Ligand SMILES: Cc1ncc(COP(=O)(O)O)c(C=O)c1O
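Residue numbers (my numbering): 146 to 551.
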């Protein structure tokens, strides 16, 4: 794209370079891997939630600086680590009262979700979440023997995914739920919850005495015109019942480095989660991931993110228009955040008398590696990752048009 300081057009060959999105094709990875393409078609990764872009140069610089000091002994998280998070969160989301005390390292957002499940619930307990549901939540619940109680989001007359408050309230009561996983912004619908939506949801969680895991990992990838509001900022009550989860990994493409963190204001809740984390010997920071976060959260990281958002917004808009104009029987709403599209293909499947498996295979055969919507507890849908150079995104849509929708 013209007038850009950073290059989001470069096509990078990720084969054999530590990329699940490429190396995992045709393997049994997470039970959701796409199959290998037919000969003659290159693979276009549109499933795993990472980006086909290089990270901010500020990350690379921070890592390079650290590896020029080639000693990697035991270490303590530095003041700079906490200062970086406090500064970033105050500018990005308006946090005013963060101190190092309320911030804690987590070995992935999943690490903390597992800790919350293990400390705040018992096997067999029900946990409420919205569907379509990020597949990682479902597998965390399954592997800890907790019951997922799904409250489906519904599209309103303008195609905006909304929570169904009546359904949530009824299910909280019927299943005696005490723990909720709220995804904000929401993957895979791409919603950025408005203040009134969060207020209404939090009032229901308060009335039913639920602790809230607020997964805000996508909160930096929010498009112009929308504003992420941290769950803990809705009220004094929400501040006390929320475990907020963040990471630079989605924003800066750092998932392979691992390095998420929690913000927990309630001292009792924090103590419980911390003690569990400390008992599991794997919840330890990696020195390189600490420096990567510090580099990401520099001013240059924010500048890079600004350009990234322009690119992602443009890609999502292009794909949404293309799908709604060209793929008969399919529909998709423009996301307000994330780089994911959740495409309904029920009309197309019905018209062609096709199963979703047929449809998935038809795309995978021609190298379009979109993801099975059933992994998100939703029927007749696919999730499409648009964080690709524009030329690859266009290529994928044109292939679908030519070989699947013709
Ligand atoms: C909503 C959500 N939470 C968590 C994760 C993964 O987080 P982590 O890699 O920190 O465990 C993802 C990755 O796609 C996600 O979409």
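Idealized CB from N, CA, C, for every residue including glycine.
These numbers come from a predicted model, not from an experiment.
- CA-CA distance, residue 525 to residue 276, rounds to 13 Å.
- Comparing alpha-carbon positions, the option among 261, 223, 394, 307 lying closest to residue 200 turns out to be 394.
- In terms of CA proximity to residue 220, 433 leads the group 433, 331, 408, 256.
- Residue 373 sits in coil when the DSSP states are folded into three classes, being neither helix nor strand.
- Burial check for residue 427: the Cβ neighbour count within 10 Å stays below 16, so the residue is exposed.
- By the neighbour-count criterion, in which a residue is buried when 16 or more other Cβ atoms sit within 10 angstroms of its Cβ, residue 246 is exposed.
- Relative to ligand 1, the nearest heavy atom lies less than 8 Å away from the CB of residue 328.
- Ranked by Cα distance from residue 331, the first of 486, 266, 540 is 486.
- With a cut-off of 8 Å on Cβ pairs, the segment 440 to 454 is not in contact with the segment 280 to 299, counting fewer than three such pairs.
- The criterion of a C-beta distance shorter than 9 Å is satisfied by residue 346 and residue 310.
- Residue state for residue 518 is assigned as helix, using DSSP reduced to three classes.
- The beta carbons of residue 390 and residue 251 sit about 7 Å from each other, so the pair counts as a contact at 8 Å.
- Beta-bridge partners assigned by DSSP to residue 487: 528.
- DSSP, reduced to helix, strand and coil, places residue 207 within a helical segment of the structure shown.
- Annotation for residue 358: the continuous beta strand (DSSP E) segment containing it runs 356 to 360.
- Taking 8 Å as the cut-off, one finds at least one heavy atom of ligand 1 near enough to the beta carbon of residue 360.
- With respect to residue 401, residue 260 sits apart: the two C-beta atoms are not nearer than 9 Å.
- Here residue 482 is bridged, per DSSP, to 367.
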